[in-house]
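**Q** Each protein sequence line maps, in turn, to chains A and B. Everything in the first sequence is counted per the working numbering, starting at 1 for the first residue and increasing by one. Everything in the second sequence is counted per the working numbering, starting at 413 for the first residue and increasing by one.
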Amino acid sequence: MLPLSACGGGDEGGSSDASGKVEGEITFQTWNLKANFKSYFEGLIDDFEQKYPDAKVKWVDQPGEGYADKISADAAGGTLPDVVNVSPDLVAPLAKAGIALDLDKSAGKYEKEYLPGAWKSHQVPGLQGTYAFPWYLNTGPLFYNKRLFKEAGLDPNKPPKTYDELFADAEELAEKSKGKVATLANVPTIEDFGRYGVPLMNKEGTGFTFNDAKGVELLTKYKELYDAKALDGQALTATPESTGKKFLTEAVAMNPGSALDLEKFKKDAPRLYKNIGITPQISSTGKDNMYVMGVMVNTRTKRTPAAVAFAHFVTDAQRQMSFAKKVAIFPSTKGSLDDPYFTKRDGSDETRVRIAAAKSLKTAVNYTPVLFSEQMKVELRNAVARALQGKQSPEEALDNAVKACDRLLKQS
Amino acid sequence: MKSTTAASAPATARPSRAREAAAPPARRRVRRQLVTSPWLFAAPGLAIVGIFILYPFVSTVINSFTDKRQLVEGKYVGLANFRELLHDDMFWIGLRNSTLYVLVVVPALVLLPLLLALLVQKQIPGITFFRSAFYTPVVASIVVVGLIWVWMLDERGLVNAVLEAVGAGKVGFLSDQWLLLFSAMAVTVWKGLGYYMIIYLAALANVPRELHEAAAVDGAGPVRRFLSVTVPAVRSTMVLVAALSSVAAFKVFSEVYLMAGPTGGPAGEDTTLVMLVQRTGTGLTGRVGYASAISVVIFVVTVVLMLLVLRADRKEDR
């Protein structure tokens, strides 16, 4: 049976006016950041409280697993913290339910501080406004295993740069290894369709369009890879964690990642690290995929000025820059990516990846539509799996996925 | 003397108003306490049952007739959710898998723990070690158990390494729809063996030894004695195990979720009904009304399962 579900918290919301005095106690919720960045956040909160002596911030951190469920329960129960770490797909339903503050109205003056693409990433089709401050961005290259490339007779210094090259190399690698080594371990996700140049949604945001000819073409290519064993046999049930593990254990030859992964390779898989190849993401659009994090303000906060001031404080250029130096993420504030930290080479792989990623972020796109819910991701994944297994043609599978996602969109 | 006590008992239990008024205050207080005390003792339990069982149950039934979503209060939609279920392929897949789980897991969990209990029933040196060993999976966390089995059944795991070593070739335990489901069933059986073994051990301890001795004197061998003495003696325990394991099997979630992943296996073909409730009803865009309708179906089926098992038991009794 479903757990005890609380009713809506009513509409006793606070004011959307953020111009008052910054005072009172607010609660700030992060997403699985306490374990590694406790001192950073404690310092940040101390700085804020020093700047605004009448304000106090209570920090809570939630585990990564089930974060959306926690937000959902809190939002329904009226106990959502005043300031919340969110991703765009979490913001969309909260904005629709009137729980996320429209920053264009309440904090529009800060817009110019952020990269335009990042500011737009928390806008929701069908709604006017921007519903979270952009926080950190992430993107990364494609890692490949030079040893596996070499053993298959491929040039380890010439990794694939286009989709055609990727598919050709993958088939050759599978053929040479007699199906023992796959090149990829994951089925295409919505961002893969986006990067391949498939239009994902109509302009109004009222329907999905990834079943067009280009989408069918991508899925057909993946079907060929699957049949040739160039796609790992367990790809249909893979998760990002399991694909990462496959690459770590050298069961697959390529995997997308970020600068964070290099440290992991060095520590957990020294043999892989010795043979690691780094190449840019493959994209038909010329724009890489990026992941965006945001910080939203709860419309029901009783301390709107303090909540908005703190959300801005967490995401301003100075704090984002200092956070980026602690972990391999990238700031979303204007000009920050021009800092020497993101432009000056020192010969290390970490710096090379960081510089390349920072460069690509200036034009990168968050290909995952904000309205694409977890349920929709499952629908697409299942449709892709049916096509790869040959139970449905790629066209039929994508048509069904679009139909299912459109239905879920209407119900959301 | 005996009859006087018996005759006065009802009068003590239900005194008339006049007698109550005439009684001394201390006795009245005692009588009041006799009425209120049981309720006071039961109150915490009743509160827990009310808040954590009855309220969610009633709430789920009510929600099943609405289009409630996580962040949106729903409105009454009658049987629309149940009608939609009839046309939802994933619901039928879930129903098929949950039913199949019952059909495969329940007979195994009725018979295998009984055989195991017979093996470890004897008092021989070192038998406590085996009893503890067989019970270990019961106390192990299901997440840990699931992960261990995933590692073992992976394409590069222990089981496939052994199969390859003997020349059998790799088997897609975690990539084939049916192998994945049966692997999850095997884990459920493996994890449940020890639990039901303990229940059977208690039942076997109550089987009179004389019956076995008499059967042995009559020339019955071990198999005959098992079928004619042990099985009838533990039949009611077998029914209990069947009832418990069938409800648990129909509501299976963890094993399949851990092994098949959040999508429920390739193309969701290994989804069970409870996984479907989790998938459709949770998250910020979860359809609480629809998930509640699936929950109501699960409730009805489990009640029917229990009734069937109990009915079969009564038939046997006759």
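Ideal Cβ placement from N, Cα and C applies to all residues, glycine included.
Leaving out five residues on either side along the sequence, give the residues of the same chain with a beta carbon under 6 Å from the beta carbon of A:Y67.
**A** Closer than 6 Å at the Cβ level, and outside the excluded window around A:Y67, lie W31.
**Q** Measuring CB to CB, does B:S648 end up less than 7 Å from B:V518?
**A** No.
**Q** So, under 8 Å CB-CB, B:Y547 and B:I611 are touching, yes? Tell me the CB distance rounded to an integer number of Å.
**A** The Cβ separation is near 12 Å, so there is no contact.
**Q** For A:R381, which residues in chain B fall below 7 Å Cβ to Cβ?
**A** The contacting residues are T675.
**Q** Is the CB of B:T642 under 7 Å away from at least one CB in chain A?
**A** Chain A contact via Cβ: absent.
**Q** Given this structure, state the Cα-to-Cα distance separating B:L592 from A:D17, to the nearest angstrom.
**A** About 55 Å.
**Q** Which same chain residues, not among the five before or five after B:T417, have their C-beta less than 7 Å away from its C-beta?
**A** At B:T417 the pLDDT is 42, less than 50, meaning the model places this residue with poor confidence; the figure from the coordinates comes in the next sentence. Counting only Cβ-Cβ distances below 7 Å, and skipping sequence neighbours, we find nothing.
**Q** So that I know if they touch, is there some Cβ in chain B lying closer than 7 Å to that of A:D69?
**A** With 7 Å as the cut-off, A:D69 counts as an interface residue toward chain B.
**Q** Check distances from the C-beta atoms of the region 358-382 of chain A to those of chain B and list, in chain order, the residues that come in under 8 Å.
**A** From the region 358-382 of chain A, only S373, E374, Q375, V378, R381 and N382 have a Cβ closer than 8 Å to chain B.
**Q** Could you please give the first and the last residue of the uninterrupted alpha helix (DSSP H) stretch that includes B:N493?
**A** A492 to L498 is the extent of the alpha helix (DSSP H) around B:N493.
**Q** Is A:Y144 helix, strand or coil by DSSP?
**A** Correct three-state label for A:Y144: strand.
**Q** Determine the closest residue to A:L260 out of A:Y40, A:V353 and A:K359, with distance taken between C-alpha atoms.
**A** Of the candidates A:Y40, A:V353 and A:K359, the one whose C-alpha sits nearest the C-alpha of A:L260 is A:V353.
**Q** Can you give me the start and stop residues for the beta strand (DSSP E) that A:E25 sits inside?
**A** Here the beta strand (DSSP E) through A:E25 covers G24 to W31.
**Q** When you compare each of B:P456, B:V686 and B:V551 to B:T511 by their alpha carbons, which one comes out closest?
**A** Comparing Cα positions, the closest option is B:V686.
**Q** With a threshold of 7 Å between beta-carbons, can B:M718 be considered close to chain A, or not?
**A** No, B:M718 lies away from the interface with chain A (no Cβ there is under 7 Å from its Cβ).
**Q** Assess contact between the region 64-79 of chain A and the region 283-293 of chain A, defined as three or more Cβ pairs (one per stretch) separated by less than 8 Å. Is contact present?
**A** With the cut-off at 8 Å, the region 64-79 of chain A and the region 283-293 of chain A do not touch.
**Q** Can you find the residues in the same chain that come closer than 7 Å, C-beta to C-beta, to B:M564, ignoring five residues on each side of it along the sequence?
**A** Closer than 7 Å at the Cβ level, and outside the excluded window around B:M564, lie L570 and V571.
**Q** Tell me whether A:Q62 sits in a helix, a strand or coil according to DSSP, three-state version.
**A** Reduced to three states, the DSSP call for A:Q62 is strand.
**Q** Quick check: the region 471-487 of chain B against the region 661-678 of chain B, are there 3 or more CB pairs under 8 Å?
**A** The answer is no - the region 661-678 of chain B does not touch the region 471-487 of chain B, with fewer than three Cβ pairs under 8 Å.
**Q** Given a threshold of 16 other Cβ atoms within 10 Å of its Cβ, counted over all protein chains shown, does B:E667 qualify as buried or as exposed?
**A** That one is buried.
**Q** Can you pull the DSSP bridge partners for A:T249?
**A** Answer is none; A:T249 lacks a bridge partner.
**Q** If we ignore side chains and look at the alpha-carbon of each, how far apart do B:M413 and B:P436 end up?
**A** With a pLDDT of 38 at B:M413, under the threshold of 50, the predicted position of this residue should be treated as unreliable, though the coordinate-derived value follows. Rounded to whole angstroms, B:M413 to B:P436 spans 25 Å at the Cα level.
**Q** What residues from chain B crowd round A:K391, counting only those whose CB sits closer than 8 Å?
**A** Going along chain B in sequence order, the residues near A:K391 (Cβ under 8 Å) are A679.
**Q** Excluding the 5 residues flanking A:K146 on each side, which residues of the same chain have their C-beta closer than 6 Å to its C-beta?
**A** P156, N275 and G277.
**Q** Listed from N- to C-terminal order along the chain, which residues in the region 223-250 of chain A have their beta-carbon within a distance smaller than 9 Å of any beta-carbon of chain B?
**A** Those residues of the region 223-250 of chain A that come within reach of chain B (Cβ to Cβ, closer than 9 Å) are D232, G233, Q234, A235, L236, T237, A238, T239, S242, K246 and T249.
**Q** On the DSSP letters alone, give me the boundaries of the alpha helix (DSSP H) that A:Y279 sits inside.
**A** With the sequence shown as reference, residue 279 of chain A is identified as Thr, and Tyr is not the correct amino acid for it. No alpha helix (DSSP H) contains A:T279, which is instead part of the beta strand (DSSP E) from I276 to T279.
**Q** Can you pull the chain A residues whose beta carbon is under 7 Å from the beta carbon of B:E567, in chain order?
**A** Here the neighbours are G233 and Q234.
**Q** Kindly indicate the opening and closing residues of the beta strand (DSSP E) around A:P256.
**A** A:P256 -> beta strand (DSSP E) spans M254 to P256.
**Q** Please name the residues in the region 682-699 of chain B whose beta-carbon is closer than 8 Å to at least one beta-carbon of chain A, in chain order.
**A** Against chain A - using a Cβ distance shorter than 8 Å - the residues of the region 682-699 of chain B are V689, R691, T692, G693, T694, G695, L696, T697, G698 and R699.
**Q** Does the CB of A:D406 have a neighbour CB from chain B at under 7 Å?
**A** So, not an interface residue.
**Q** In three-state DSSP terms, what is A:L137?
**A** Correct three-state label for A:L137: strand.
**Q** By how many angstroms is the C-alpha of B:V629 removed from the C-alpha of B:D725?
**A** Spanning the two alpha carbons is a distance of roughly 30 Å.
**Q** By Cβ distance, which residues of its chain are closer than 7 Å to B:V651, with the 5 residues on each side in sequence left out?
**A** Taken in chain order, the residues that qualify are V721 and D725.
**Q** Under a three-way DSSP split, which group does A:K178 fall into?
**A** Three-state DSSP puts A:K178 in coil, outside helix and strand.
**Q** Would you mind telling me which residues of chain B sit closer than 7 Å to A:R386, beta carbon to beta carbon, in chain order?
**A** By Cβ distance, chain B contributes A679.
**Q** Apart from the five residues on each side of it in sequence, which residues of its chain come closer than 6 Å, Cβ to Cβ, to A:C7?
**A** Residue confidence is low: A:C7 scores 37 on pLDDT, short of 50, so the model does not pin down where it sits. No coordinate-derived value is stated.
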